[in-house]
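Asker: In order, the protein sequence lines correspond to chains A and B.
Take the first sequence: its letter number 278 is residue 330 in the numbering used here, and every next letter is one higher.
Take the second sequence: its letter number 454 is residue 472 in the numbering used here, and every next letter is one higher.
Before we start, here is the structure in question, set down as structure tokens.
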Amino acid sequence: MACGNNCTCNRNESGNQDNSRRDFLLKGLMGGIGAAFLSGCSGSTSPKSESGDKVNVLTHDGKLVAVDKSQVANFKPHISEEDVRKGIPGKKFVMVIDLAKCDGCGKCTKACNKMHYLPSNKEWIEVLEMQDSPEVSPYYFVKPCMHCDNPPCTKVCPVDATFKREDGIVAIDTDRCIGCRFCMAACPYSVRLFNWTEPVKPNIVETTPAAENVFQSKKGCVEKCDFCPHMAREGKLPACVTGCPMNAIWFGDANEDAVTCYDGTTTKLSQLLEDGGAYRFMEELGTEPRVYYLPPVNRTYDAKEIKIEKEGK
Amino acid sequence: MEKLNPEIKNQIENELLSTVGRRYRQETFWVIFLGLICVGGTVAWIIQLRKGLGVTAMRDYVSWGLYISLLFFFVGVSLIGALVSCVLRMSGAKWRYPLIRIAEAVTLSAIFFAGFMPVLDMGRPERLYYLITHGRIQSPILWDVVAIATYFIGSVIYFYLPLIPDLAIMRDKLTDAPKWRRKLWRWLAMGWEDNLLQRRLLKKAMLILCIVILPVAISVHTISAWLIAFTLRPGWNSTIMGPYFVFGALMAGTAIMILIIAKLRHGYRLEHYLTPKHFNNLAKILLALTAFYLYLNINKYGVPAYKMAKEEKAVLNDLFYGNNSFFFWFTQIAGLVIPIIILSFKRFRQSIKWVVTASVMVLLGALINRYLIVVPNMLHPFVPIQHAQHGYASYNPTLIEWAITASSLAGFVLLIILLFKPFPVITMWEVTEEVEKRGEKEIGVENIITLQNIPTHAS
Ligand code: SF4
Ligand code: SF4
Numbered sequence: 053m054a055c056g057n058n059c060t061c062n063r064n065e066s067g068n069q070d071n072s073r074r075d076f077l078l079k080g081l082m083g084g085i086g087a088a089f090l091s092g093c094s095g096s097t098s099p100k101s102e103s104g105d106k107v108n109v110l111t112h113d114g115k116l117v118a119v120d121k122s123q124v125a126n127f128k129p130h131i132s133e134e135d136v137r138k139g140i141p142g143k144k145f146v147m148v149i150d151l152a153k154c155d156g157c158g159k160c161t162k163a164c165n166k167m168h169y170l171p172s173n174k175e176w177i178e179v180l181e182m183q184d185s186p187e188v189s190p191y192y193f194v195k196p197c198m199h200c201d202n203p204p205c206t207k208v209c210p211v212d213a214t215f216k217r218e219d220g221i222v223a224i225d226t227d228r229c230i231g232c233r234f235c236m237a238a239c240p241y242s243v244r245l246f247n248w249t250e251p252v253k254p255n256i257v258e259t260t261p262a263a264e265n266v267f268q269s270k271k272g273c274v275e276k277c278d279f280c281p282h283m284a285r286e287g288k289l290p291a292c293v294t295g296c297p298m299n300a301i302w303f304g305d306a307n308e309d310a311v312t313c314y315d316g317t318t319t320k321l322s323q324l325l326e327d328g329g330a331y332r333f334m335e336e337l338g339t340e341p342r343v344y345y346l347p348p349v350n351r352t353y354d355a356k357e358i359k360i361e362k363e364g365k
Numbered sequence: 019m020e021k022l023n024p025e026i027k028n029q030i031e032n033e034l035l036s037t038v039g040r041r042y043r044q045e046t047f048w049v050i051f052l053g054l055i056c057v058g059g060t061v062a063w064i065i066q067l068r069k070g071l072g073v074t075a076m077r078d079y080v081s082w083g084l085y086i087s088l089l090f091f092f093v094g095v096s097l098i099g100a101l102v103s104c105v106l107r108m109s110g111a112k113w114r115y116p117l118i119r120i121a122e123a124v125t126l127s128a129i130f131f132a133g134f135m136p137v138l139d140m141g142r143p144e145r146l147y148y149l150i151t152h153g154r155i156q157s158p159i160l161w162d163v164v165a166i167a168t169y170f171i172g173s174v175i176y177f178y179l180p181l182i183p184d185l186a187i188m189r190d191k192l193t194d195a196p197k198w199r200r201k202l203w204r205w206l207a208m209g210w211e212d213n214l215l216q217r218r219l220l221k222k223a224m225l226i227l228c229i230v231i232l233p234v235a236i237s238v239h240t241i242s243a244w245l246i247a248f249t250l251r252p253g254w255n256s257t258i259m260g261p262y263f264v265f266g267a268l269m270a271g272t273a274i275m276i277l278i279i280a281k282l283r284h285g286y287r288l289e290h291y292l293t294p295k296h297f298n299n300l301a302k303i304l305l306a307l308t309a310f311y312l313y314l315n316i317n318k319y320g321v322p323a324y325k326m327a328k329e330e331k332a333v334l335n336d337l338f339y340g341n342n343s344f345f346f347w348f349t350q351i352a353g354l355v356i357p358i359i360i361l362s363f364k365r366f367r368q369s370i371k372w373v374v375t376a377s378v379m380v381l382l383g384a385l386i387n388r389y390l391i392v393v394p395n396m397l398h399p400f401v402p403i404q405h406a407q408h409g410y411a412s413y414n415p416t417l418i419e420w421a422i423t424a425s426s427l428a429g430f431v432l433l434i435i436l437l438f439k440p441f442p443v444i445t446m447w448e449v450t451e452e453v454e455k456r457g458e459k460e461i462g463v464e465n466i467i468t469l470q471n472i473p474t475h476a477s
């Protein structure tokens, strides 16, 4: 595990770090705000017994120095209510879902549920079987929250409990939500879920404000896919991306024009959208989703096996 | 016009005052019955508060159900006060005078419960005050809160203003009432002496209020309609919602008004004051409103049905031939077409029985219609419902929900009855004044001048 900080001290065991947890955001952070966090790493001078292990630390003037491991404080930046409402500075998160690759295995959903401690009857990311008309070929359709840039859901919230952040994420503050469910009525993608009863709480302690909690379920409040902002803060990918063995889900930063998928491939977002003939789901509604889809062409699986559930059954 | 004989005026007042605080056996029965339903509903509500909204049948697809349908119903019914006190006033209908207080009582009770329904529906009612501390004025819910609160306050004032002279009459006449009551009346009558200046000021205040309250009333219901019209969902995403709600509401309110005066007429022995003329005139209004509402329905359902766009199709099929088709055709045929036919005939309009029958049908249709506006649309979202857990892709309200719904309706009727108890049901001073000015016929009262020896029953 990284120390939870976006610092550059590489304290974690970078050797055995698996691809799925690549620091895909690291580059941007090093140039931008890495220096700001450095004080948290090397600034700690509390006398501790030398352990002998050395780690490399980048100083603010760009020198790489080796210091003893015990000199590096385990620094967690304090994330304030305001930080959570603003979002991660300089970012514009975006997701690309390649429908040609998705074989409907549902591992994204499982990974997501595991990360957010959701019971199996809740799905923040849903895999649907779609068939646009009877003669055309069916396909699997993965549906997270679209994190719309013109979000109908946040527009109607009476108490600003669900809000759009500067980094593109549409988040929910479950300490604020009054449970009116207007946002559920307003979301055209049927993304939002409600806690009709008391959810089962996992045995974890969370210090971030509610909108960035990993466990978001609270009785009488709404919840939905949150693009894993707590992972993004650590420069990591959301659970669904690292859970999709088909490399069907890409996640990244539109400002950097880079997206990454399961196997660690990082590619140019604009190129991916252009080459793949990307589109957004129900573009005609004007919700401006931040999730792009690549159409299900040249599929890697047998489409004939897909069974379409008839509506209302 | 000639002045009423003070003797007769005295008798009229005595007769109208006789209902104040009086116990009627049938009424007591109803109060107890409705009260019991309310107790049951309160128990159900406590259960819901403790266990969460999971005790209802609402789930992620149908996330609004009976409670919100009822919200729309109550907001709608509350428009009747504005109809009687403002629209009829502006159209110069003099027969409205005996109806004003009844209409305002219905309005008050309806708007009270309209304010209550969203609280019942909230997942976190204990955070209600966030609407003030964290309110976002861009949200239609905030508008609704402001509009309902304004309309509630306006309706209280409108109930109170015409009551002042009546309170003064009570203060002066019912001298054998308990002391605290007389004190309260004296205090509420605010030193009314019935002089010309006071009358002029009161009438001016009522005129101003009447002009102010009409747009407020219309906005209350229009905003409620926007709660659903501001979403993109098929069936809701429509510009007709505002007028559709407002006119449906006026229709339902008129039907309720007819039913209530039919009950009061015999129950409170007000046959001379609530006469066939009132029924006939209200029936004409109801006819106009049902006909117009049918026209709006044809627009609301007919226009998309001609086009059958992909998303609308699922909702419309559900209504036309699907699970909800019985209810849909019931609201259209039994709730609109048949009442229109009944009310079109003068003979039926003049028969109180038929007018009441038509009103019952209209009211039932209007109630079901509210449900049809909310629920079927939620069952047909853009993204197809798949892999739904049991009970998620349908909506069959639970016992708790029915109990709370029934007790809200019961509470609504109960509050109306309770509002009738401490005051005369008919605005005494206005009716006598207008009878003096224009004669009985225009006001719609019958034989009150020639009445002899009215049995008085002081409380
Ligand atoms: S997909 Fe729905 S919940 Fe997500 S941002 Fe858009 S409207 Fe809101
Ligand atoms: S349910 Fe919560 S998040 Fe949704 S609109 Fe209501 S208060 Fe806002």
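Where is the CB? At the ideal position from N, CA and C, for every residue including glycine.
(1) Within 10 angstroms of the Cβ of I231/B, are there 16 or more other Cβ atoms? Answer buried if so, exposed if not.
(2) Which residues, in chain order, does the segment 115-139 of chain A contribute to contact with chain B at a C-beta distance below 8 Å?
(3) Which parts of the segment 199-260 of chain A are runs of the alpha helix (DSSP H), unbroken and 4 residues or longer, counting only runs that do not cross its ends?
(4) How would the residue list near ligand 1 read, in chain order, if you kept each one whose beta-carbon is closer than 6 Å to any heavy atom?
(5) Can you check DSSP and say which residues form a bridge with D336/B?
(6) Taking 8 Å as the cut-off, decide whether the C-beta atoms of K166/A and A291/A are in contact.
(7) Starting from I149/A and walking both ways along the beta strand (DSSP E), at which residues does that stretch end?
(8) What whole-angstrom Cβ distance do A213/A and G295/A have, given they're in contact under 8 Å?
(9) Output needed for Q268/A: all residues of its chain with C-beta closer than 8 Å, excluding positions within five of it in sequence on either side, in chain order.
(10) Does any CB atom of chain B fall closer than 8 Å to the CB of P254/A?
(11) Step through the CB atoms of chain A and report whether any lies within less than 8 Å of the CB of G72/B.
(12) Do G383/B and L354/B have their C-beta atoms within less than 8 Å of each other?
(13) When you measure from the CB of R233/A to every non-hydrogen atom of ligand 2, does any distance come out below 7 Å?
(14) Determine the closest residue to F265/B out of A309/B, V234/B, H296/B and L288/B, with distance taken between C-alpha atoms.
(15) Using only the heavy atoms of ligand 2, determine whether one of them is closer than 7 Å to the beta carbon of V136/A.
(16) Helix, strand or coil: which one does DSSP assign to L397/B?
(17) For T317/A, which residues in chain B fall below 9 Å Cβ to Cβ?
(18) Once you ignore the five residues that flank Q69/A on each side, which residues in its own chain have a CB closer than 7 Å to its CB?
(19) List, in chain order, every chain A residue whose beta-carbon is nearer than 7 Å to that of S407/B.
(20) Give a single yes or no on whether A213/A has its beta carbon closer than 7 Å to a heavy atom of ligand 2.
(21) Taking only the alpha-carbon atoms, compute the straight-line gap between T318/A and S237/B and give it to the nearest angstrom.
(22) Is there at least one Cβ from chain A nearer than 8 Å to W63/B's Cβ?
(23) Tell me where the beta strand (DSSP E) around Y192/A begins and ends.
(24) Following the continuous alpha helix (DSSP H) through K455/B, name the residue where it begins and the one where it ends.
(25) Between the segment 247-274 of chain A and chain B, which residues of the former have a C-beta closer than 9 Å to a C-beta of the latter?
(26) Would you report the Cα separation of Y311/B and Y262/B, rounded to the nearest angstrom?
(27) Whose Cβ in chain B lies nearer than 8 Å to the Cβ of M389/A?
(28) Going by CA-CA distance only, name the one from A100/B, V105/B and V137/B that's closest to E122/B.
(29) Is K138/A near N307/A, with beta carbons less than 8 Å apart?
(30) Do V453/B and P116/B have their C-beta atoms closer together than 8 Å?
(31) Is the shortest distance between the beta-carbon of G94/B and the beta-carbons of chain A less than 8 Å?
(32) Who are the Cβ neighbours of S94/A in its own chain at under 6 Å, not counting the five residues just before and after it?
(33) Just to make sure I have the definition right: I need the residues of chain A whose C-beta is within less than 9 Å of the C-beta of T293/B. Which are they?
(34) As an exercise, report each continuous alpha helix (DSSP H) stretch of at least 4 residues that is fully enclosed by the segment 336-393 of chain B, in chain order.
(35) Would you grab the beta carbon distance between W248/A and L71/B for me? Rounded to a whole angstrom, and I think it's under 8 Å.
(36) Does any C-beta atom of chain A lie closer than 8 Å to the C-beta of T474/B?
Answerer: Let me spell this out:
(1) As a working note, residue 231/B is residue 213 in the second sequence. Buried, because 16 or more other Cβ atoms sit within 10 Å of the Cβ of I231/B.
(2) none
(3) 204-208 and 234-238
(4) C197/A, M198/A, H199/A, C200/A, P203/A, P204/A, C205/A, V222/A, C239/A, Y241/A, V243/A, R244/A, K276/A and T339/A
(5) The residue labelled residue 336/B in the question sits at position 318 within the second sequence. Partner(s): none; D336/B has no beta bridge.
(6) Numbered from its first residue, the first sequence carries residue 166/A at position 114. Numbered from its first residue, the first sequence carries residue 291/A at position 239. Their beta carbons are under 8 Å apart, which means K166/A touches A291/A by this criterion.
(7) Here residue 149/A is taken as the residue at index 97 of the first sequence, counted from 1. Here the beta strand (DSSP E) through I149/A covers F145 to D150.
(8) To locate residue 213/A, count along the first sequence from 1; it is residue 161. To locate residue 295/A, count along the first sequence from 1; it is residue 243. About 28 Å; that fails the 8 Å criterion.
(9) Taking the first sequence and counting its residues from 1, the one referred to as residue 268/A is at position 216. Taken in chain order, the residues that qualify are H168, I224, T226, A262, E275 and D278.
(10) If you number the first sequence from 1, residue 254/A lands on position 202. Judged by the 8 Å Cβ criterion, P254/A is not in contact with chain B.
(11) Mapped onto the second sequence, residue 72/B falls at position 54. Yes, because at least one Cβ of chain A sits closer than 8 Å to the Cβ of G72/B.
(12) Mapped onto the second sequence, residue 383/B falls at position 365. Mapped onto the second sequence, residue 354/B falls at position 336. For G383/B and L354/B, yes; Cβs fall inside 8 Å.
(13) In the first sequence, the residue the question calls residue 233/A occupies position 181. Under cutoff, so the answer is yes.
(14) By one-based count along the second sequence, residue 265/B stands at place 247. Ranking the options by Cα distance to F265/B, first place goes to A309/B.
(15) Here residue 136/A corresponds to residue number 84 of the first sequence, with the count starting at 1. Checking every heavy atom of ligand 2 against the Cβ of V136/A, none is found closer than 7 Å.
(16) To locate residue 397/B, count along the second sequence from 1; it is residue 379. Of the three classes helix, strand and coil, the one that applies to L397/B here is coil, per DSSP.
(17) What you label residue 317/A is simply residue 265 of the first sequence in a count that begins at 1. The premise fails here: T317/A is roughly 29 Å from chain B at the closest Cβ pair, so nothing lies under 9 Å.
(18) Here residue 69/A corresponds to residue number 17 of the first sequence, with the count starting at 1. Summary for Q69/A: the model assigns pLDDT 42, below 50, so the residue's position carries little reliability, and this model does not support an answer.
(19) The residue given as residue 407/B occupies position 389 in the second sequence. Looking at the sequence itself, residue 407/B is Gln, so the reference to Ser does not match. Within 7 Å Cβ-Cβ: N173.
(20) Reading the first sequence from its first residue, position 161 is the one you call residue 213/A. Checking every heavy atom of ligand 2 against the Cβ of A213/A, one is found closer than 7 Å.
(21) Numbered from its first residue, the first sequence carries residue 318/A at position 266. Numbered from its first residue, the second sequence carries residue 237/B at position 219. Roughly 54 Å separates the two Cα atoms.
(22) One-based indexing of the second sequence puts residue 63/B at position 45. Not closer than 8 Å to any Cβ of chain A, the Cβ of W63/B fails to qualify, so no.
(23) Taking the first residue of the first sequence as 1, we reach residue 192/A at position 140. Y192/A -> beta strand (DSSP E) spans Y191 to K195.
(24) Along the second sequence, read from residue 1 onward, the residue named residue 455/B stands at position 437. Unbroken alpha helix (DSSP H) run through K455/B: M446 to R456.
(25) N247, W248, T249, E250, K270, K271, G272, C273 and V274
(26) Start at 1 with the first residue of the second sequence, and residue 311/B comes out as number 293. Start at 1 with the first residue of the second sequence, and residue 262/B comes out as number 244. Between Y311/B and Y262/B, the C-alpha separation is close to 7 Å.
(27) Past the edges of chain A, shown from 53 to 365, lies residue 389/A, and the structure says nothing about it.
(28) Within the second sequence, numbered from 1, the residue matching residue 122/B stands at position 104. It is A100/B.
(29) Taking the first sequence and counting its residues from 1, one reaches residue 138/A at position 86. Taking the first sequence and counting its residues from 1, one reaches residue 307/A at position 255. Their beta carbons are not under 8 Å apart, which means K138/A does not touch N307/A by this criterion.
(30) Here residue 453/B is taken as the residue at index 435 of the second sequence, counted from 1. Here residue 116/B is taken as the residue at index 98 of the second sequence, counted from 1. Cβ atoms of V453/B and P116/B: not closer than 8 Å.
(31) Taking the first residue of the second sequence as position 1, residue 94/B is located at position 76. Not one chain A Cβ lies under 8 Å of G94/B.
(32) Sequence index remark: in the first sequence, residue 94/A carries index 42 (1-based). Its pLDDT being 42, under 50, S94/A is placed unreliably in this model, and the value from its coordinates should be taken loosely. Result list for S94/A: V109, in chain order.
(33) Position 275 of the second sequence, counting from 1, holds the residue named residue 293/B. Contact annotation for T293/B against chain A: no contact, minimum CB-CB distance about 46 Å [criterion: below 9 Å].
(34) DSSP runs (the alpha helix (DSSP H)) wholly in the segment 336-393 of chain B: 343-347, 356-362 and 364-367.
(35) Sequence index remark: in the first sequence, residue 248/A carries index 196 (1-based). Sequence index remark: in the second sequence, residue 71/B carries index 53 (1-based). About 5 Å; that satisfies the 8 Å criterion.
(36) Start at 1 with the first residue of the second sequence, and residue 474/B comes out as number 456. Residue confidence is low: T474/B scores 46 on pLDDT, short of 50, so the model does not pin down where it sits. Its coordinate-derived value is still stated next. No - not a single Cβ of chain A is within 8 Å of the one on T474/B.
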